[in-house]
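Enquirer: Heads up: the sequence shown begins at 1 in UniProt numbering, then just goes up one per residue.
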Amino acid sequence: MEPCKTLYLNDLSINVIEAERLDPGRTVFRLTLCSPLCYNLPSTSTVIVKQQKIGWENEFQREIQAYEKLKNLQGTIIPIFFGQGSFNGLDALVISEVEGITLYDLARGNFGVQQEALKMYLEKALGAFDEHKAVYWDAKPDNFLFCADAIPEKSKVMVVDLEQVEFPHPLRPWHHNLNSGSVGNLISKFKDGQNPNRPPSPADACYEPGVKGEEGRSETIAPQRPVGQIKDEPPKSWALC
Numbered sequence: 001m002e003p004c005k006t007l008y009l010n011d012l013s014i015n016v017i018e019a020e021r022l023d024p025g026r027t028v029f030r031l032t033l034c035s036p037l038c039y040n041l042p043s044t045s046t047v048i049v050k051q052q053k054i055g056w057e058n059e060f061q062r063e064i065q066a067y068e069k070l071k072n073l074q075g076t077i078i079p080i081f082f083g084q085g086s087f088n089g090l091d092a093l094v095i096s097e098v099e100g101i102t103l104y105d106l107a108r109g110n111f112g113v114q115q116e117a118l119k120m121y122l123e124k125a126l127g128a129f130d131e132h133k134a135v136y137w138d139a140k141p142d143n144f145l146f147c148a149d150a151i152p153e154k155s156k157v158m159v160v161d162l163e164q165v166e167f168p169h170p171l172r173p174w175h176h177n178l179n180s181g182s183v184g185n186l187i188s189k190f191k192d193g194q195n196p197n198r199p200p201s202p203a204d205a206c207y208e209p210g211v212k213g214e215e216g217r218s219e220t221i222a223p224q225r226p227v228g229q230i231k232d233e234p235p236k237s238w239a240l241c
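1. When we look at the beta-carbon of Gln51 and count the other beta-carbons within 10 Å, is it buried (16 or more) or exposed?
2. In the DSSP assignment, find the unbroken beta strand (DSSP E) run with Phe146 in it and report its ends.
3. Take residue 267 as the anchor and find which of Asn195, Ile17, Ile187 and Ser35 has the nearest alpha-carbon.
4. In chain order, what residues of the same chain lie with their CB nearer than 6 Å to the CB of Glu208, ignoring the 5 residues before and after it?
5. Using 8 Å as the cut-off, can you tell me whether the stretch 127 to 144 makes contact with the stretch 159 to 166, which would need three or more C-beta pairs spanning the two stretches below that distance?
6. So, are the CB atoms of Val49 and Ile17 less than 9 Å apart?
7. What does a CB cutoff of less than 7 Å around Ser13 pick up in its chain, not counting 5 residues either side in sequence?
8. Give the straight-line distance between the Cα atoms of Asn15 and Glu57, rounded to the nearest whole angstrom.
9. Let's see if you can read the secondary structure: which residues bound the beta strand (DSSP E) around Val98?
10. With a threshold of 7 Å on Cβ separation, who are the neighbours of Leu41 within its own chain once the five nearest residues in sequence on each side are excluded?
11. When you compare the CB positions of Ala107 and Lys53, do they come within less than 9 Å of one another, or not?
12. For Val160, does the three-state DSSP call read helix, strand or coil?
13. For Phe167, which residues does DSSP report across the bridge?
14. For Glu18, which of helix, strand or coil comes out of DSSP?
15. Of all the options Gln194, Leu118 and His175, which has the alpha carbon lying nearest to the alpha carbon of Met158?
16. Starting from Gly127, trace the alpha helix (DSSP H) both ways and give me its first and last residue.
17. According to DSSP, is Ile48 helix, strand or coil?
18. From the DSSP secondary-structure annotation, give me the bridge partner or partners of Asp23.
Following this line, the structure appears as structure tokens:
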């Protein structure tokens, strides 16, 4: 556990009872708060705080913009965004905790989730981005959380890490294929996780960085950002946003 600190949100100081760092390689914390209802925060008393990474100022602002533009999806497809604050002296996003398991961990566990059902959940989640004219470029298995429900019809997939969300303008016809292409790529990676000894997925093998096709997009089954525009970061092991 990290030493307890004070969280600042909307110019208000909130006492932190407990701070748990969710991944050694990332400045993401689960905070247990004192009297959260006084600050219009959830009664569960826990929130996720995601600190700005050094040199990632643009991505930090892009993530805030994404939460604001995708406000209608908060709480259903993406976490709830409570606002920008600071924690341990660093700017941070304060968002809701998502109870779910990443597709990375889901593939490696015995959870009995059918691939066709998972594909449907992914199509619904990324289809919602399409409806808001947003492109989600960072489609990795650990950025998608399967949220199970006792009623199967209410199970869903939620999306975290919105640093690489873009709202292209003008919106080209091929932009509509980017999110749908990510669904197939994620399912392929899910299969790889279930059976690590199977041959590599075509989605991984066919991508050649820097090879552009018509309209300036990469020739790949799944959407890929141009080389150099996505910064490397260690994989997340936490199953929450």
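Ideal Cβ placement from N, Cα and C applies to all residues, glycine included.
Expert: Inspection of the coordinates gives the following:
1. So Gln51 counts as buried.
2. Phe146 -> beta strand (DSSP E) spans Phe144 to Cys147.
3. The requested residue 267 is not part of the displayed model; the chain covers only 1 to 241.
4. The pLDDT assigned to Glu208 is 34, lower than 50, so where the model puts this residue is not dependable; a value taken from the coordinates is nonetheless given after this. Answer for Glu208: no residue qualifies.
5. Verdict: yes, contact present.
6. At least 9 Å separates the beta-carbon of Val49 from that of Ile17.
7. Take Ser13, set aside five residues on each side of it, and the residues of its chain with a beta-carbon closer than 7 Å to its own are Thr6, in chain order.
8. Cα to Cα, Asn15 sits roughly 26 Å from Glu57.
9. That residue, Val98, is in no beta strand (DSSP E); it is neither H nor E in DSSP.
10. Contacts found: Leu33, Val47 and Phe82.
11. Contact flag unset, no.
12. In this structure, Val160 counts as coil in the three-state DSSP scheme.
13. Its beta-bridge partners do not exist; DSSP assigns none.
14. Note: Glu18 maps to strand in three-state DSSP.
15. In terms of CA proximity to Met158, Leu118 leads the group Gln194, Leu118 and His175.
16. For Gly127, the enclosing alpha helix (DSSP H) covers residues Gln115 to Glu131.
17. It is a strand residue.
18. Note: Asp23 sits in a beta bridge opposite Arg26.
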